[in-house]
Amino acid sequence: MEVTNKLESGNYAADISSIKEAQQRINPFIHKTSVLSSDTLNSISGRKLFFKCECFQKGGAFKFRGACNAIFSLKDEQAANGVVTHSSGNHAAAVSLAAKLRGIPAHIVIPKNAPKCKVENVRRYGGNVIWSDATMQSRESVANNVLQETGAVLYHPFNDGRIISGQGTISLELLEQIPQIDTIIVPISDQRWSDIRGCIGCQIDQP
611 MEVTNKLESG
621 NYAADISSIK
631 EAQQRINPFI
641 HKTSVLSSDT
651 LNSISGRKLF
661 FKCECFQKGG
671 AFKFRGACNA
681 IFSLKDEQAA
691 NGVVTHSSGN
701 HAAAVSLAAK
711 LRGIPAHIVI
721 PKNAPKCKVE
731 NVRRYGGNVI
741 WSDATMQSRE
751 SVANNVLQET
761 GAVLYHPFND
771 GRIISGQGTI
781 SLELLEQIPQ
791 IDTIIVPISD
801 QRWSDIRGCI
811 GCQIDQP
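The opening position of the sequence shown corresponds to residue 611 in the working numbering, with each subsequent residue numbered one higher.
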């Protein structure tokens with residue numbers, strides 16, 4: 611089952627309203643992670659720096675926010691057959707954990723070259739591991755096959771508005787903790803720009 615996620619307010623997959631809705635939805639399940647600072651780094655940079663420690667989030671990464679928002683946004687009849695995604699890392703574990711909390715199956719397509727520790731995380735959280743070749747084409751093809759066989763809801767690992775909105779709650783939470791902040795810097799890599807755009811999309815000057 612493919613569940614579409616279109617916003618009426620604009621052309622973006624996520625906006626401030628969807629991120630605020632996500633925050634309300636996932637707050638009962640996530641950790642409100644710490645913000646740390648370093649006098650040494652402040653001295654070197656000549657700035658007051660704050661670090662949002664999502665390494666302490668459930669599942670070990672910010673990915674749990676997006677997965678949690680996506681899975682708990684499903685109606686019961688949509689969630690009945692579980693969810694399916696493809697991932698070689700933290701998103702796989704995040705979906706497994708969120709599905710476990712929702713009490714539904716999680717079918718996780720993982721490339722054969724994924725790190726062993728990542729696969730073990732998925733299994734520890736109750737995810738059903740399904741192998742694919744180490745190409746995006748193979749991952750997506752296997753995931754689509756699982757969708758057809760199980761009737762589960764398919765979630766793209768990063769190109770999905772519910773995932774992006776969930777990740778964007780990091781910014782809202784950070785601004786609540788450090789309201790005087792004026793710049794947010796986020797590391798990015800390859801296709802994860804969709805996730806990161808959600809992280810910074812809530813606007814520094816939001817009310």
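Backbone N, C-alpha and C define an ideal beta-carbon position, used for all residues, glycine too.
Under the assumption that L764 contacts V645 (Cβ atoms under 8 Å), give the Cβ distance between them as a whole number of angstroms. Incorrect: roughly 35 Å between the Cβ atoms, too far for contact.
Residue range of the unbroken beta strand (DSSP E) whose run includes I714: Run containing I714: none; DSSP gives neither H nor E here.
Under 8 Å between C-beta atoms of S697 and P797: no
Coil, strand or helix - K722 by DSSP: coil
Select from P721, P725 and R734 the residue whose C-alpha is nearest the C-alpha of R749. P721
The segment 670-677 contacting the segment 699-715, beta-carbon criterion three pairs below 8 Å: yes
Which of the three DSSP states, helix, strand or coil, is assigned to I798? Here I798 sits in coil by DSSP.
Closest residue to Q634 among L651, I791, A753 and C678 (Cα-Cα distance): Nearest option by C-alpha distance: C678.
Can you name the start and end residues of the beta strand (DSSP E) that N738 belongs to? N738 to S742
Measuring straight from C-alpha to C-alpha, what distance separates L651 and A702? Looking at the two C-alpha atoms, the distance is approximately 33 Å.
Compute the distance between the beta-carbons of K662 and I640, then report whether it is under 8 Å. no
So which of G776, G737, C727 and R712 has the shortest CA-CA distance to V719? G737
Let me know if E730 comes out buried or exposed under the rule of 16 or more other beta-carbons within 10 Å of its beta-carbon. Under this definition E730 is an exposed residue.
Indicate the three-state DSSP secondary structure (helix, strand or coil) for L659 in the structure shown. The answer is coil: DSSP assigns L659 none of H, G, I, E or B.
With 16 other Cβ atoms within 10 Å as the buried cut-off, status of P715: buried
Count the other CB atoms within 10 Å of the CB of D649; is the residue buried (16 or more) or exposed (fewer)? exposed
T760 and G692 look like a contact to me (Cβ under 8 Å); what is the Cβ gap, rounded to whole Å? 7 Å
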